[in-house]
Structures are given as C-alpha cells and as structure tokens.
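Trainee: For what it's worth, the working numbering labels the leading residue of the sequence shown as 1180, then goes sequentially.
Glycine residues also receive a C-beta, built at the ideal position from the N, C-alpha and C atoms.
The model shown is predicted, which means the values in this text are computed figures rather than measured ones.
Handing you a structure now.
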Amino acid sequence: GGCEARDFTCAFDPVSHCNRTGAPLAYPRMEAQQHPWGMDENYAACAQGRSNALFHYISTLAGFLFRPNASMRRAAQEARVRIGLPEQYLGVHVRNGDFCHAHTVTVDPKECHPATAFADALLKAAKATGITDVYIATDNADTIPVMRGLCPELVFFFNKEVDRDWLIVSDQDLESGEIFLEQRLFKADLNKRQNHLQEIMVDIMLLARSEAMVGQFTSNISRLVVALGTFLRSGELLPFVSLDHPWCWNGFRPTDFGVKFGKNFWC
1180 GGCEARDFTC
1190 AFDPVSHCNR
1200 TGAPLAYPRM
1210 EAQQHPWGMD
1220 ENYAACAQGR
1230 SNALFHYIST
1240 LAGFLFRPNA
1250 SMRRAAQEAR
1260 VRIGLPEQYL
1270 GVHVRNGDFC
1280 HAHTVTVDPK
1290 ECHPATAFAD
1300 ALLKAAKATG
1310 ITDVYIATDN
1320 ADTIPVMRGL
1330 CPELVFFFNK
1340 EVDRDWLIVS
1350 DQDLESGEIF
1360 LEQRLFKADL
1370 NKRQNHLQEI
1380 MVDIMLLARS
1390 EAMVGQFTSN
1400 ISRLVVALGT
1410 FLRSGELLPF
1420 VSLDHPWCWN
1430 GFRPTDFGVK
1440 FGKNFWC
C-alpha cells in the first residue's frame, strides 16, 4: 500500500544533526580540466562547476541528505538483480513526457531532444570508457526500442516495473493544460503516488552509480544524479554530457546563461 506517513520518511532515512555518517571531513578538490570527451562548452556543463565551491557544496549536501530508506534501497537492489545490470555501466536519462510540452503552458525553455542526440552522446561515452552496457531511465516506453535501434552495439537495461503508460501526456491533458506530472499525481491515490516515488528513487540510485551520465540539466533529476554521483565517487566528477543547459544551482531563482535561455530558466 501507500506510505501513510506522507512525509520524507516514505523515501528517506531521517537526518540528525548529531549524525555525520556519509559527510566527508575533507572533501577532495575537483580541479578545473578539459572535458574528458573533448566536448565544447555547451556540453561540458561543469566547466563552470568543476572547480566551483558551490558545486562542492551541492554535491556534499546531496550525498548527506539523500539517504534512501531500507525499502528504497531494497527496491533498487532488487531492480538491479532483476534486470541483470552489470557492475559497470553508462547511464542515460531521457525525458519524453510532460517535459516536451512545458513550453506550451509556461515560459519554461525546456525542450525535448531527439533520440539521435542521446545516441550520439552515448556512443561517444562508450568509445571513451570502453563500456557498452547502459541503464536507461525514461518516461516513454517507445524511447527504449528507438535507442536500441540507433545504438545496436550497446546493451540497454531498464526498470520494467515502471508504469510508463500512465506517464504519457494524453490529448485530454493537453486540452485542459494539465500536462505536468505533478498535477496528475495530486489526483492519484496514495498507492500510485508511492509507486511513482519508488520508481524515481530507483532510477536516481542506479544512474548515480553509473560510470558516465548523459541527460539534460534542465531536469532536476539529471542535475541531482551528477551531484550525487560525484559524492559517491569521493569527489571525483561523474563524467557527463548535458544536451541543453549548463549545470547550475541558483536557489530556484532566474538564471541567465545567454541568448538561448535568457533569464527564463530557474535552477
């Protein structure tokens, strides 16, 4: 059933100010360096964050606060065993649901990129790392066979327990303007909310353990995964490609990254 508590304990262990478990006393310095895959600045989004104290802080904070409870840890481990995910793998986060329609009802500059863009980035990552296994997290079931077709040399793993049909934006949703997942979750029962929470938690935990990550930094999940993944690597930057926005954290206030985004993106 759903989580009756309806608070953070539905997903996380509590954090005590007296408990420093997981918070390193000496956080390794991340030196500024060229992106290991030779991408330009639009893609090497941590060019600004790699030696930035703010990224250090957010990464440490993510690692300290993101403490999945026993139920979530068990779900992630069971998913990993069930799908046969190997020890080393690449991660890719493809949003292809409400994300694609945000611009129709808000001034949000988010946009969905074609599967070919993700495929190109993954193939570069595979060549650079020698890893051909990929964990794919996506809200659109159709994305998975498309990616397999574009990258036949890669082996894709995904959580089959995710109800991706429920995540599809329907014509009715578009007509009503209620396209965001949060709006549908408000109307869902407790079980559906808890199930979706677990699906997201499992994806985040598995993506953060990947050897390299491809995503979009206009997505909170992609930004969190890189920060959390860096923490889990003891401060060594999780290699990544962002197909749109540089990594940023601005207290959820307008952020100006140039002509393409103006000041519309809040991060």
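Identify whether residue 1194 lies in helix, strand or coil by the three-state DSSP scheme.
Mentor: Coil at residue 1194, not helix or strand.
Trainee: In whole angstroms, give me the CA-to-CA distance for residue 1399 and residue 1305.
Mentor: C-alpha separation (whole angstroms): 24 Å.
Trainee: What runs of the alpha helix (DSSP H), each 4 residues or longer, lie entirely inside the region 1237-1263?
Mentor: List check, alpha helix (DSSP H) in window: 1249-1262.
Trainee: Give the range of the beta strand (DSSP E) segment to which residue 1325 is assigned.
Mentor: Careful: residue 1325 lies outside any beta strand (DSSP E), inside the alpha helix (DSSP H) at 1322-1329.
Trainee: Answer yes or no: the CB of residue 1255 versus the heavy atoms of the ligand MN, is any distance below 6 Å?
Mentor: Of the ligands one can find in the structure shown there are none, so the ligand MN has no counterpart to examine.
Trainee: Identify whether residue 1317 lies in helix, strand or coil by the three-state DSSP scheme.
Mentor: Residue 1317 falls in the strand class under three-state DSSP.
Trainee: Between which two residues does the alpha helix (DSSP H) carrying residue 1401 extend?
Mentor: Looking at the DSSP string, the run of the alpha helix (DSSP H) that includes residue 1401 is 1399-1411.
Trainee: Using DSSP's beta-bridge definition, name the partner residues of residue 1392.
Mentor: Paired residues: 1270, 1419.
Trainee: Given a threshold of 16 other Cβ atoms within 10 Å of its Cβ, counted over all protein chains shown, does residue 1415 qualify as buried or as exposed?
Mentor: Label assigned to residue 1415: exposed.
Trainee: Can you tell which of 1187, 1332, 1338 has its C-alpha closest to the C-alpha of residue 1319?
Mentor: Taking only the C-alpha atoms, the option nearest residue 1319 is 1338.
Trainee: Considering only the beta carbon of each residue, do residue 1269 and residue 1325 sit closer than 7 Å?
Mentor: The answer is no: Cβ separation not under 7 Å.
Trainee: Classify residue 1253: buried if its beta carbon has 16 or more other beta carbons within 10 angstroms, exposed otherwise.
Mentor: Exposed, by the Cβ-count rule.
Trainee: Just verifying my parser: in three-state terms, what is the DSSP assignment at residue 1312?
Mentor: In this structure, residue 1312 counts as strand in the three-state DSSP scheme.
Trainee: Which residue wins for smallest C-alpha separation from residue 1239, given the options 1411, 1273, 1381, 1379?
Mentor: Taking only the C-alpha atoms, the option nearest residue 1239 is 1411.
Trainee: Measure the beta-carbon distance from residue 1395 to residue 1422 and round it to whole angstroms, keeping in mind my assumption that it falls under 8 Å.
Mentor: Indeed, because the Cβ distance is near 5 Å, the residues count as touching under 8 Å.
Trainee: Return the chain-ordered list of same chain residues with a C-beta closer than 7 Å to the C-beta of residue 1301, the five sequence neighbours on each side being excluded.
Mentor: Counting only Cβ-Cβ distances below 7 Å, and skipping sequence neighbours, we find 1269, 1271, 1313, 1330, 1333, 1393.
Trainee: With residue 1381 as the anchor, note down where its alpha helix (DSSP H) starts and where it stops.
Mentor: Segment 1369-1387, the alpha helix (DSSP H) holding residue 1381.
Trainee: Which class does residue 1336 belong to by DSSP, given the choice of helix, strand or coil?
Mentor: Looking at residue 1336 - three-state DSSP - the assignment turns out to be strand.
Trainee: DSSP on residue 1189, reduced to helix/strand/coil?
Mentor: Three-state DSSP puts residue 1189 in a helix.
Trainee: According to the neighbour-count rule (16 or more other Cβ atoms, all chains shown, within 10 Å of its Cβ), is residue 1381 buried or exposed?
Mentor: Burial call: buried.
Trainee: When you compare only the Cα positions, how much space is there between residue 1295 and residue 1328?
Mentor: Straight-line Cα distance between these residues: approximately 10 Å.
Trainee: Helix, strand or coil for residue 1184 per DSSP?
Mentor: Residue 1184: coil per DSSP, three-state reduction.
Trainee: Please state whether DSSP places residue 1206 in a helix, a strand or coil.
Mentor: Model confidence at residue 1206 stands at a pLDDT of 38, short of 50, so the residue's coordinates are unreliable; what they give is reported in the following sentence. The answer is coil: DSSP assigns residue 1206 none of H, G, I, E or B.
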